[in-house]
Every structure is written in structure tokens, then in C-alpha cells.
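Undergrad: A single structure is presented below for examination.
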Amino acid sequence: MQLLAFLILCVTALWASPLNEKVELQKAGGRIINGTPASRGQFPWQAAVYFTTSSGTSFCGGSIISNIWILTAAHCAVNARTFTIYLGTITLNPDSGSTVVTTTNKIVHPNYNPSTLANDVALIRLDSAITFSTNIQAITLASSSLGSGVSVTVSGWGKTSDASSGVTNNLNYVTLSSITNAQCSQYYGSLNSGVVCATGSGKSTCNGDSGGPLITGSGSSAIQVGIVSFVSTRGCESGYPSGYARTHYYREWIRQQTGV
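For reference, each letter of the sequence shown is one residue, going -16 to -1, 1 to 244 in mature numbering (1 follows the signal peptide of the UniProt record, and there is no 0).
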């Protein structure tokens, strides 16, 4: 087993104080590197989540799972006081076709462990229902566990390289392939069933993608199979597998909290 430190994938906004959210654990790491710019309406469930803590303002991704619920990573929400969420946009400069909502309502998984990133799942409840449109839609959550060798897509505004100073203004996506936890454990040691890993040659998630959706399929057939969770401190471009919270593993907990 190899003990590595991992960078939580949310990033501190350029104007905010650093959160310095690093953890050490025997878990998978990740990497959106060499991604493709998304077109408007391609990922209508994608949410851009700004959140304030006692340290400042930071950024994560999220996904729309109903007209009042956003799914994200626990490490994005656990210390958050207020959320400002952009919907229906592929840039971080919302226009008349997008929706911006603010809320303080959150539910963090009760067994979330910030030291190991176990159960890295959280829900954000909007104060009022949003209106769906071509560019704003809910995504279906996985009803079965993801196998290995499956083509998966992850989207986000995260850093496009290790050298980047902050998130990118444009939504990007990349296609990866899921691997077994046994394969992923060769890099990071023991993994629990609530984690799924994915990899791709020269492609990856990076800081700022946390909380965003890992999906199979596209359009109306898209299924969310994971939630972006963490990345190796060796860098987003290290070639290490990406780590995600496995959506199916938390499906019943999500249903109990939201009715979705």
C-alpha cells in the first residue's frame, strides 16, 4: 500500500483566502485535463457552486437531481455557510438564459470523514423550485453499480493544468474509462465500496471539479454514476486514476433525504 496525500478538488476563488484543504489517506486520486469545451445545453444538469466559509469563497461543481435539490461532494458543503449556484450556463459569467440561486440549506452525509474522504456526498436544498428549460434539467441517478471498462464522462470548470492559477471560465468535459477498485488500490491502497475510479491517457479532472457529475451516456439517456471527489497531490497531470463517490452506493440515502 502506498500512503499519499490528496488534494480536495474544490478550489478557493481568486479573491478569497486559501482554505488549505489537504488530506492524507489511502484512497484513489484523480485528474479535467485535455478536455473539450462544452456547448450550451450539452450538460443541462451541471451546476456551478460558489460557497462561503469562515475562510472566504470557494468553488465546486454539482448536479441538478430535481427542481429543488443539488448533489455535490461533502467536502464542498461541510463548512459552507452560504451557496450561490449558477444553473443553465457553460461560463462563470451568467447571462439572461441562466439562473442564479442562493441558499444556506444543506445535508452532509452523517458518516462523512474529512480525513479519509469516506462518504463524500452532500445535498443542497434550494429555497424554491427552479424552472426547467432546454439548458436546465435534472439528471437520473444510477440504479445499479458501475462496472469496469465503461466509458464515462466528467464535466467541470476546474483547473485545466497543474500550472493554472484557478478555475477556467468555460465548462469542459473529458471521457475516461472506469476501472475496478482492485486496480485503483494498486495506486492508493485499500478502497471502500463507496468509491469508484476512472482513468484516461493524458486526461483527468482537476482542482475545481469537485462535486461535479461523472456520467454514462449523454442527453436524455445520461446517468450519474459518480461525484468528483479527490486528486493526488502528485498533480492532476500525474496519470493517477480519478476518485469519485459512487452514486449507486449512496442511492438509498439520497432517496431518504430528498424523495428523488
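Backbone N, C-alpha and C fix where the C-beta goes; we use that ideal spot for every residue, glycine too.
Assuming residue 235 is part of the alpha helix (DSSP H), what are its boundary residues?
TA: Numbered from 1 along the sequence shown, position 251 holds the residue referred to as residue 235. 235 to 242 is the extent of the alpha helix (DSSP H) around residue 235.
Undergrad: Name the residue from 139, 243, 173 and 180 whose alpha carbon lies nearest to the alpha carbon of residue 46.
TA: Sequence index remark: in the sequence shown, residue 46 carries index 62 (1-based). Residue 46 has its Cα closest to that of 139, out of 139, 243, 173 and 180.
Undergrad: Measure the Cβ-Cβ separation of residue 179 and residue 162 and say whether it is below 8 Å.
TA: Within the sequence shown, the letter at position 195 stands for residue 179. Within the sequence shown, the letter at position 178 stands for residue 162. Contact flag unset, no.
Undergrad: For residue 169, count the other beta carbons within 10 Å of its own beta carbon; 16 or more makes it buried, fewer makes it exposed. Which is it?
TA: If you number the sequence shown from 1, residue 169 lands on position 185. By the 10 Å Cβ count, residue 169 comes out buried.
Undergrad: Since residue 62 contacts residue 105 with CB under 8 Å, what's their CB separation in whole angstroms?
TA: Taking the sequence shown and counting its residues from 1, one reaches residue 62 at position 78. Taking the sequence shown and counting its residues from 1, one reaches residue 105 at position 121. Their Cβ separation, rounded to whole angstroms, is 11 Å, which puts residue 62 and residue 105 out of contact at 8 Å.
Undergrad: Let me make sure I understand the geometry here. Which of 95, 134, 98 and 67 has the alpha-carbon closest to that of residue 87?
TA: The count along the sequence shown starts at 1 and reaches residue 87 at position 103. It is 67.
Undergrad: Which residue comes first and which comes last in the beta strand (DSSP E) that contains residue 167?
TA: In the sequence shown, counting from the first residue as 1, residue 167 sits at position 183. Where residue 167 is concerned, there is no enclosing beta strand (DSSP E), although the alpha helix (DSSP H) it sits in stretches over 165 to 172.
Undergrad: At which residue ranges does the segment 20 to 101 contain complete alpha helix (DSSP H) runs of 4 or more residues, listed in the order of the chain?
TA: Correct list: 58 to 61.
Undergrad: Give me the DSSP bridge partner(s) of residue 197.
TA: Here residue 197 refers to the residue found at position 213 of the sequence shown. Note: residue 197 sits in a beta bridge opposite 211.
Undergrad: Checking 8 Å against the spacing of the C-beta atoms, do residue 196 and residue 119 come in under that value?
TA: Along the sequence shown, one-based indexing puts residue 196 at 212. Along the sequence shown, one-based indexing puts residue 119 at 135. Going by C-beta atoms, residue 196 is not nearer than 8 Å to residue 119.
Undergrad: Any idea if residue 111 is buried or exposed, counting beta-carbon neighbours within 10 angstroms, 16 or more meaning buried?
TA: The residue labelled residue 111 in the question sits at position 127 within the sequence shown. Label assigned to residue 111: exposed.
Undergrad: Measure the alpha-carbon distance for residue 54 versus residue 167 and round it to whole angstroms.
TA: By 1-based counting over the sequence shown, the position of residue 54 is 70. By 1-based counting over the sequence shown, the position of residue 167 is 183. For residue 54 and residue 167, the distance between alpha carbons rounds to 31 Å.
Undergrad: Which residues bound the beta strand (DSSP E) around residue 140?
TA: As a working mapping, residue 140 is identified with position 156 in the sequence shown. From DSSP, the beta strand (DSSP E) with residue 140 extends over 135 to 140.
Undergrad: Can residue 78 and residue 84 be called in contact, C-beta distance under 8 Å?
TA: Stepping through the sequence shown from its first residue, residue 78 is reached at position 94. Stepping through the sequence shown from its first residue, residue 84 is reached at position 100. In this structure, residue 84 lies closer than 8 Å to residue 78 by Cβ.
Undergrad: Given a cut-off of 8 Å on the beta-carbon distance, is the pair residue 103 and residue 58 in contact?
TA: Along the sequence shown, read from residue 1 onward, the residue named residue 103 stands at position 119. Along the sequence shown, read from residue 1 onward, the residue named residue 58 stands at position 74. Contact: yes.
Undergrad: Just confirm the distance between the C-beta atoms of residue 109 and residue 52, as a whole number of angstroms; I'd bet it's less than 8 Å.
TA: In the sequence shown, residue 109 corresponds to position 125, counting from 1. In the sequence shown, residue 52 corresponds to position 68, counting from 1. Going by Cβ atoms, the distance from residue 109 to residue 52 rounds to 6 Å, so yes, they are a contact pair.
Undergrad: Check the C-beta distance from residue 153 over to residue 21 and give it rounded, since I have them as a contact under 8 Å.
TA: Residue numbering aside, residue 153 sits at position 169 when the sequence shown is read from its first letter. Residue numbering aside, residue 21 sits at position 37 when the sequence shown is read from its first letter. Contact doesn't hold; Cβ gap of about 10 Å is too wide.
Undergrad: DSSP three-state call for residue -3: helix, strand or coil?
TA: Here residue -3 corresponds to residue number 14 of the sequence shown, with the count starting at 1. Only weak support exists for where residue -3 lies, its pLDDT of 33 falling under 50; the value from the coordinates is given anyway. Coil at residue -3, not helix or strand.
Undergrad: Could you tell me how far apart the beta carbons of residue 126 and residue 232 are, in whole angstroms, since I believe they sit closer than 8 Å?
TA: Taking the sequence shown and counting its residues from 1, one reaches residue 126 at position 142. Taking the sequence shown and counting its residues from 1, one reaches residue 232 at position 248. At roughly 4 Å, the Cβ-Cβ gap stays under 8 Å, so residue 126 and residue 232 are in contact.
Undergrad: So what does residue 108 bridge to, in DSSP terms?
TA: Taking the sequence shown and counting its residues from 1, the one referred to as residue 108 is at position 124. Paired residues: 54 and 90.
Undergrad: Please work out which residues of its chain come closer than 6 Å, Cβ to Cβ, to residue 198, disregarding the five sequence neighbours upstream and downstream, and give them in chain order.
TA: As a first step, residue 198 must be located in the sequence shown, where it is residue number 214. The residues are 136, 138, 209, 210 and 228.
Undergrad: Give me whichever residues DSSP pairs with residue 294 in a beta bridge.
TA: Any question about residue 294 goes unanswered here, given that the chain covers just -16 to 244.
Undergrad: Per DSSP, residue 251 is paired with what?
TA: No statement about residue 251 is possible, as the shown extent of the chain runs from -16 to 244 and does not include it.
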